[in-house]
Amino acid sequence: MNQSLTQVGMPNARLQVSILPQVPAANGIDAIDFLFDANKSGQFKPVSKVASGGELSRLMLCVKSLVAQKMDLPTLIFDEIDSGISGEAAKQVGIIMKTLADNRQVICITHQPQIAGKADAHFFVYKELSGEKVKTNIRQLDTDERITAIAQMLSGEKPTAAALENAREMVQN
136 MNQSLTQVGM PNARLQVSIL PQVPAANGID AIDFLFDANK SGQFKPVSKV
186 ASGGELSRLM LCVKSLVAQK MDLPTLIFDE IDSGISGEAA KQVGIIMKTL
236 ADNRQVICIT HQPQIAGKAD AHFFVYKELS GEKVKTNIRQ LDTDERITAI
286 AQMLSGEKPT AAALENAREM VQN
């Protein structure tokens, strides 16, 4: 786990699991708590109390990827696993997800071009007004549309030539 945390841009983070016996209850005979130290302070506290949104996202990715290696999980779904990260951390998250996708279906909702660029397929989710109702739709993007979508993630609604070139490079690698 700690090695995975380093890969996603948290080299000083550590995770411990506290297992304490409790009176038998509906949740079992042990009280289990995940304890987190983001900065090698030696002070492990409950993840729910001390981890930021970005840290939680990366912790979940690490946990899910390790569990997926040990169990036959045919599909993994990540909903905005990129919350609170960017740059190199987002690139590393994309690499981990690409590796996970070698042996299973990975579905990821992301706003990070570094992650979207690693996908085998890119879908666009959009809403449209149909009569009095708003409907959510989805469609797969072709290569050119995919490059444009990633370029928009990089530079906004009207992507620059540099953003388009960067997006092309992301899709090809």
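Offset between the sequence shown (1-based) and the numbering used here: plus 135.
Think of the CB as a built atom: it goes at the ideal place given N, C-alpha and C, for glycine as much as any other residue.
Just to confirm, is the Cβ distance from residue 247 to residue 210 under 7 Å? Here residue 247 is taken as the residue at index 112 of the sequence shown, counted from 1. Here residue 210 is taken as the residue at index 75 of the sequence shown, counted from 1. No; because the gap between Cβ atoms is not below 7 Å, this pair is not in contact.
Contact under 7 Å by Cβ, residue 244 with residue 214: What you label residue 244 is simply residue 109 of the sequence shown in a count that begins at 1. What you label residue 214 is simply residue 79 of the sequence shown in a count that begins at 1. Going by C-beta atoms, residue 244 is nearer than 7 Å to residue 214.
Determine the direct distance from the alpha carbon of residue 221 to that of residue 117, and round the result to whole angstroms. No statement about residue 117 is possible, as the shown extent of the chain runs from 136 to 308 and does not include it.
Can you tell me whether DSSP reads residue 178 as helix, strand or coil? Counting from one through the sequence shown, the residue named residue 178 turns up at place 43. In the structure shown, residue 178 sits in coil (DSSP, three-state: anything other than H, G, I, E or B).
Count the other CB atoms within 10 Å of the CB of residue 204; is the residue buried (16 or more) or exposed (fewer)? Walking along the sequence shown from the start, residue 204 turns up at place 69. With fewer than 16 other Cβ atoms within 10 Å, it is exposed.
Give me the Cβ distance between residue 219 and residue 176, rounded to the nearest whole Å; I'm assuming they're in contact under 8 Å. Counting from 1 along the sequence shown, the entry for residue 219 is found at position 84. Counting from 1 along the sequence shown, the entry for residue 176 is found at position 41. So it is not a contact: roughly 20 Å between Cβ atoms.
Given residue 189, which residues of its chain have a CB within under 7 Å of its CB, disregarding the five upstream and five downstream residues? Stepping through the sequence shown from its first residue, residue 189 is reached at position 54. Here the set comprises 218, 219, 220.
For residue 225, collect the residues of the same chain with a Cβ closer than 7 Å to its Cβ; drop the 5 residues on either side in sequence, then sort them by chain order. Within the sequence shown, residue 225 is the residue found at index 90, counting from 1. Excluding positions up to five away in sequence, the list reads 217, 247, 249, 250.
What's the gap between the Cα of residue 106 and the Cα of residue 269? The displayed coordinates of the chain run from 136 to 308. Any statement about residue 106 would go beyond what the structure contains.
State the Cα-Cα distance for the pair residue 294 and residue 231, rounded to the nearest angstrom. Translated into the one-based positions of the sequence shown, residue 294 becomes position 159. Translated into the one-based positions of the sequence shown, residue 231 becomes position 96. Cα-Cα distance, rounded: 27 Å.
Can you tell me where the alpha helix (DSSP H) with residue 276 in it begins and where it stops? If you number the sequence shown from 1, residue 276 lands on position 141. Bounds of any alpha helix (DSSP H) do not take in residue 276, whose DSSP letter is neither H nor E.
Paired residues, beta bridge with residue 132 - DSSP: Here the chain covers residues 136 to 308 and nothing more, so residue 132 does not appear.
Own chain, CB closer than 7 Å to residue 199, minus 5 neighbours either side, in chain order: Taking the sequence shown and counting its residues from 1, one reaches residue 199 at position 64. Result list for residue 199: 211, in chain order.
Among 289, 149, 285, which one has its Cα closest to the Cα of residue 180? Residue 180 sits at position 45 when you count from the first residue of the sequence shown. The option with the nearest alpha carbon to residue 180 is 149.
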